[in-house]
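Engineer: My questions all concern the structure below.
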Amino acid sequence: MKVLVCISHVPDTTTKINFTPDNKSFITQGVQFIINPYDEIALTRALELTEKSGGSVTVINVGEIATEPTIRKALAIGASDAVRVNAHPKEAMFVATQIAEYLKKNSFDLILCGRESIDFNSASVPSMIAEMLNIPSVAIAKTISVENGKAVVEREIEGGKEVLECALPLVAGCSESIAVPRIPNMRGIMSARTKPLVVVEPVAADEYTKVIGYDKPAQRSSVKLVDAAEPGKLLELLHTEKKII
Amino acid sequence: MAVLVYTENSEGKFKKSAFEVVTYARAIADLLGATLSAVSIGDAADDELGKLSKYGAKKILKVSGEQFKNYFVQGFASAISEAAQKENADVVVMLASFGGRGIAPRLAVKLKAGIVEGAVELPKTSGSFIVRKTAYSGKAFADVEMISAKKIITLIPNSYKVEEKSETVQVENFSPAIKNDDFKLMVKETVRSTSKVSLPDAEIIVSGGRGLKGPENWGMVEQLAEILGAATACSKPVSDANWRPHSEHVGQTGITVGPNLYIAIGISGAIQHLAGVSSSKVIVVINKDPEAPFFKAADYGIVGDAFEVVPKLIEAAKVFKAGQN
Ligand SMILES: Cc1cc2nc3c(=O)[nH]c(=O)nc-3n(C[C@H](O)[C@H](O)[C@H](O)COP(=O)(O)OP(=O)(O)OC[C@H]3O[C@@H](n4cnc5c(N)ncnc54)[C@H](O)[C@@H]3O)c2cc1C
Ligand SMILES: Nc1ncnc2c1ncn2[C@@H]1O[C@H](COP(=O)(O)O)[C@@H](O)[C@H]1O
Chain A
1 MKVLVCISHV PDTTTKINFT PDNKSFITQG VQFIINPYDE IALTRALELT EKSGGSVTVI
61 NVGEIATEPT IRKALAIGAS DAVRVNAHPK EAMFVATQIA EYLKKNSFDL ILCGRESIDF
121 NSASVPSMIA EMLNIPSVAI AKTISVENGK AVVEREIEGG KEVLECALPL VAGCSESIAV
181 PRIPNMRGIM SARTKPLVVV EPVAADEYTK VIGYDKPAQR SSVKLVDAAE PGKLLELLHT
241 EKKII
Chain B
246 MAVLVYTENS EGKFKKSAFE VVTYARAIAD LLGATLSAVS IGDAADDELG KLSKYGAKKI
306 LKVSGEQFKN YFVQGFASAI SEAAQKENAD VVVMLASFGG RGIAPRLAVK LKAGIVEGAV
366 ELPKTSGSFI VRKTAYSGKA FADVEMISAK KIITLIPNSY KVEEKSETVQ VENFSPAIKN
426 DDFKLMVKET VRSTSKVSLP DAEIIVSGGR GLKGPENWGM VEQLAEILGA ATACSKPVSD
486 ANWRPHSEHV GQTGITVGPN LYIAIGISGA IQHLAGVSSS KVIVVINKDP EAPFFKAADY
546 GIVGDAFEVV PKLIEAAKVF KAGQN
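Protein chains in written order, with this note's numbering: chain A, 1 to 245; chain B, 246 to 570.
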């Protein structure tokens with residue numbers, strides 16, 4: 001089985017987000033970048049699946065050269081080879097167009113993404129890729145396994161879950177419970193340096209949206225403390241000051 | 246100009262979030278001087294559909310039939326795409342729910358439309374068309390200009406207030422073409438969790454962290470939630486340790502929530518946790534450590550041992566609720 005894992009290069013989860021004074025761009029200086037956490041567990045699941053039944057795992061990223069350390073990390077975790085589409089990932093439609101283009105030329109049985117990137121949070125790329133290729137998608141998969149050439153996927157639904165069976169190929173957006181991330185070992189890190197990382201140029205794509213600015217949520221005014229001996233006071237305050245209970 | 250809103254039902258019934266998204270779509274239609282129609286798929290009965298008119302839907306396209314009993318993302322996206330073409334919709338709006346999040350990107354490809362997922366307020370439409378959405382997992386907002394002629398917007402639940410605007414409603418049966426390719430998935434089993442209020446819809450959430458020591462201590466969390474009509478949630482280490490199901494884990498790598506009230510008990514307030522809850526209208530923190538970072542992000546706080554504070558709070562809440570009835 002051939003699995004493609006789409007990885008996005010995002011600021012570490014502990015990053016304090018800051019923008020330039022004109023609020024037009026994110027300040028990357030001093031920021032540690034990582035594999036999007038959902039993509040990292042998607043990669044782990046892909047490795048588990050292929051270790052069980054044979055096959056290979058390729059990772060793909062749409063990004064400029066600065067993403068290569070992130071891609072090498074994925075190779076260190078265990079992917080066999082990598083592809084980088086050499087372009088700034090402007091918007092979800094652009095990214096999906098590039099990955100769909102790659103998939104038209106190279107066939108895979110399973111395409112795993114994260115459920116969303118923790119920077120854009122568009123949660124769009126996996127479903128867009130699937131639509132471009134006219135194949136099924138599961139936007140938020142809780143678990144995934146492959147049996148007799150079919151995927152069995154648990155999907156999150158409002159107030160519960162649903163178990164689906166689906167012919168391959170399939171695109172799935174992996175959520176937190178899909179696997180436990182692996183830490184690369186020394187051998188993985190050494191071998192990652194020599195594993196193939198192919199760079200391809202992007203195809204043209206229409207522009208649909210563009211980010212024109214950023215803002216941060218309003219700061220909360222400072223906390224009002226209630227005496228631990230009388231928590232009932234809290235309810236009064238929520239009722240009289242905030243009118244929410 | 247025309248706006249189409251997809252209103253998702255849950256076992257034939259509309260939740261408050263469906264009325265939020267209709268109100269929101271109505272407001273966009275007003276901004277653009279456009280007409281508003283709604284599309285509903287599946288089992289909602291006509292009197293249930295009628296409720297949508299209270300929030301400004303004049304015309305409802307009703308798609309029903311065997312194929313649409315279960316949620317099949319491709320079939321639903323095709324049906325909504327056909328409805329959008331029939332209505333000549335310039336803007337299609339739906340909820341950023343589990344269902345909507347799967348449909349909207351596919352619809353964007355079908356309609357060659359720009360998409361903003363996770364809108365939190367009305368677009369600005371003077372000159373250009375700009376939509377504010379969450380970014381960096383709740384740590385920021387991004388203002389996105391939509392350049393393409395056709396536009397798709399998904400709205401975060403609980404971010405837009407329902408407002409009544411009565412219209413007389415006209416329900417029209419609509420039969421989109423069925424493409425077999427769209428129904429290649431098979432639903433083997435559906436499991437509904439027993440919890441009464443689902444997290445994304447919840448107006449009040451009571452959440453517990455590692456400070457509660459073990460799963461056996463969740464009784465008081467559940468009891469407080471029940472009295473307040475709240476949903477329960479937890480921090481990531483709690484679900485990692487299997488004290489609580491993964492579906493309750495909120496934060497940057499879990500569910501993002503924006504209730505009116507979020508009560509955090511024994512949670513330190515790590516940046517990844519805060520990211521998922523920062524759009525809550527009011528935050529209450531109960532923690533024995535006065536230095537816990539969560540107090541900096543809270544509106545109200547109680548410094549104390551949860552095992553003493555929460556039982557007292559439960560008693561007070563019982564009295565309070567009894568007084569309200
Ligand atoms: C990539 C990544 C993603 C992450 N994503 C998430 C996420 O989505 N959501 C998330 O929650 N975390 C996430 N985390 C983990 C996060 O960094 C914290 O480790 C986690 O939120 C801490 O959980 P906690 O507050 O329950 O536990 P702790 O940090 O251990 O805090 C327990 C708190 O309970 C208090 N306490 C102890 N005893 C009592 C008592 N008797 N009464 C009252 N208070 C008491 C303590 O003072 C302390 O503040 C992520 C981490 C990483 C690296
Ligand atoms: N630049 C990118 N390169 C490769 N994959 C990506 C990229 N951006 C997003 N993805 C994939 O699409 C998923 C959803 O991202 P998003 O639609 O941006 O929320 C991510 O978890 C990745 O698996």
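Heads up, the beta-carbon is just placed ideally off N, CA and C, and yes, glycines get one too. It should be emphasised that the depicted structure is a prediction, and the values quoted were computed from it without experimental measurement.
1. Considering only residues of the segment 313-385 of chain B, which uninterrupted beta strand (DSSP E) runs meet the minimum length of 3 residues and lie entirely inside it, listed in chain order?
2. Can you tell me where the beta strand (DSSP E) holding residue 11 (chain A) begins and where it ends?
3. I want to know whether the segment 260-274 of chain B touches the segment 350-357 of chain B - three or more CB-CB distances under 8 Å.
4. Tell me the DSSP secondary structure of residue 391 (chain B) in three-state form.
5. In the structure shown, what three-state DSSP assignment does residue 452 (chain B) receive?
6. Where does residue 422 (chain B) land, buried or exposed, given buried means 16+ other C-beta within 10 angstroms?
7. First and last residue of the beta strand (DSSP E) that includes residue 507 (chain B)?
8. Would you give the residue range spanned by the beta strand (DSSP E) that residue 215 (chain A) belongs to?
9. Could you tell me if the beta carbon of residue 261 (chain B) falls within a distance shorter than 7 Å of some heavy atom in ligand 1?
10. Give the residues of chain A in contact with residue 522 (chain B), contact being defined as C-beta atoms less than 8 Å apart.
11. Once the 5 residues before and after residue 271 (chain B) are set aside, which same chain residues still bring their CB inside 7 Å of it?
12. Relative to the C-alpha of residue 191 (chain B), which residue among B:543, B:527, B:545, B:550 is closest?
13. Quick one: what's got a C-beta closer than 7 Å to residue 119 (chain A)'s C-beta in the same chain, skipping five residues either side?
14. Closer than 8 Å, CB to CB, is residue 108 (chain A) near chain B or not?
15. Just to make sure I have the definition right: I need the residues of chain D whose C-beta is within less than 9 Å of the C-beta of residue 478 (chain B). Which are they?
16. Measuring alpha carbon to alpha carbon, tell me which residue in B:506, B:469, B:397, B:467 is nearest residue 233 (chain B).
17. How big is the Cα-Cα spacing for residue 206 (chain A) and residue 94 (chain A)?
18. With hydrogens ignored, establish whether the beta-carbon of residue 121 (chain A) is closer than 7 Å to any heavy atom of ligand 2.
19. Going by the beta-carbon positions, is the gap between residue 362 (chain B) and residue 341 (chain B) smaller than 8 Å?
20. Check whether the Cβ atoms of residue 137 (chain A) and residue 347 (chain B) lie closer than 8 Å to each other.
21. Under 8 Å Cβ-Cβ, which residues of chain A neighbour residue 498 (chain B)?
22. Around ligand 1, what residues have a beta-carbon under 5 Å from a heavy atom of it, in chain order?
23. Using a Cβ cut-off of 9 Å, pull out every chain B residue sitting near residue 50 (chain A), in sequence order please.
24. Chain A beta carbons: is any one of them nearer than 8 Å to that of residue 321 (chain B)?
25. Which residues in chain B sit within 7 Å of residue 240 (chain A), going by Cβ to Cβ distance?
26. When we look at the beta-carbon of residue 199 (chain A) and count the other beta-carbons within 10 Å, is it buried (16 or more) or exposed?
27. If contact is defined by three or more beta carbon pairs under 8 Å, each pair taking one atom from either stretch, is the segment 499-513 of chain B in contact with the segment 467-486 of chain B?
28. From the DSSP secondary-structure annotation, give me the bridge partner or partners of residue 415 (chain B).
29. Report back the beta-carbon spacing between residue 121 (chain A) and residue 379 (chain B) to the nearest angstrom; my notes put them in contact at under 8 Å.
30. In angstroms with no decimal places, state the Cα-to-Cα distance between residue 514 (chain B) and residue 464 (chain B).
31. Say yes only if the C-beta of residue 131 (chain A) is nearer than 7 Å to one or more non-hydrogen atoms of ligand 2, and no if none qualify.
32. Can you list, in chain order, the residues of its chain with a C-beta nearer than 7 Å to that of residue 558 (chain B)? Leave out the 5 residues immediately preceding and following it.
33. Using 7 Å as the cut-off, classify the Cβ of residue 39 (chain A) as near or not near the heavy atoms of ligand 2, replying yes or no.
34. Rank B:450, B:428, B:437 by C-alpha distance to the C-alpha of residue 255 (chain B) and give the top, closest one.
35. For residue 555 (chain B), which option in A:239, A:236, A:237, A:228 has the closest C-alpha, if you only look at C-alpha atoms?
36. Report the partner residues of residue 514 (chain B) according to the DSSP bridge assignment.
Structural biologist: Let me spell this out:
1. As for any beta strand (DSSP E) of minimum length 3 sitting wholly inside the segment 313-385 of chain B, the runs are 336-340, 359-364, 375-380, ordered along the chain.
2. 9-11
3. no
4. Assigned with DSSP and collapsed to three states, residue 391 (chain B) falls in strand.
5. strand
6. Result: exposed.
7. 506-510
8. 209-215
9. no
10. Those within 8 Å of residue 522 (chain B) in chain A number zero; the least Cβ separation is about 11 Å.
11. Same-chain partners within the cutoff: 281, 300, 301, 410.
12. Residue 191 (chain B) cannot be examined here, being either before or after the span of chain B that is shown, 246 to 570.
13. Within the same chain, residue 119 (chain A) has close Cβ partners 10, 11.
14. no
15. Among the chains of the structure shown, chain D does not appear; the protein chains present are A and B.
16. Lying outside 246 to 570, the shown extent of chain B, residue 233 (chain B) is not represented and no answer is given.
17. 8 Å
18. yes
19. yes
20. yes
21. 13, 37, 38, 118, 176
22. A:13, A:37, B:454, B:455, B:456, B:480, B:481, B:482, B:496, B:497, B:498, B:499, B:511, B:512, B:513, B:515, B:517, B:518, B:532, B:533, B:534, B:537, B:550, B:551
23. The premise fails here: residue 50 (chain A) is roughly 23 Å from chain B at the closest Cβ pair, so nothing lies under 9 Å.
24. no
25. Correct list: empty, because the minimum Cβ distance to chain B is about 12 Å.
26. Residue environment: residue 199 (chain A) is assigned as exposed (fewer than 16 neighbouring CB atoms within 10 Å of its CB, all protein chains considered).
27. Yes, the segment 467-486 of chain B is in contact with the segment 499-513 of chain B.
28. B:304
29. 6 Å
30. 22 Å
31. no
32. 469
33. Yes; taking the cut-off as 7 Å, the Cβ of residue 39 (chain A) has a heavy atom of ligand 2 nearer than that.
34. Relative to residue 255 (chain B), the option among B:450, B:428, B:437 whose CA is nearest is B:437.
35. A:228
36. DSSP output for residue 514 (chain B) lists no bridge partner at all.
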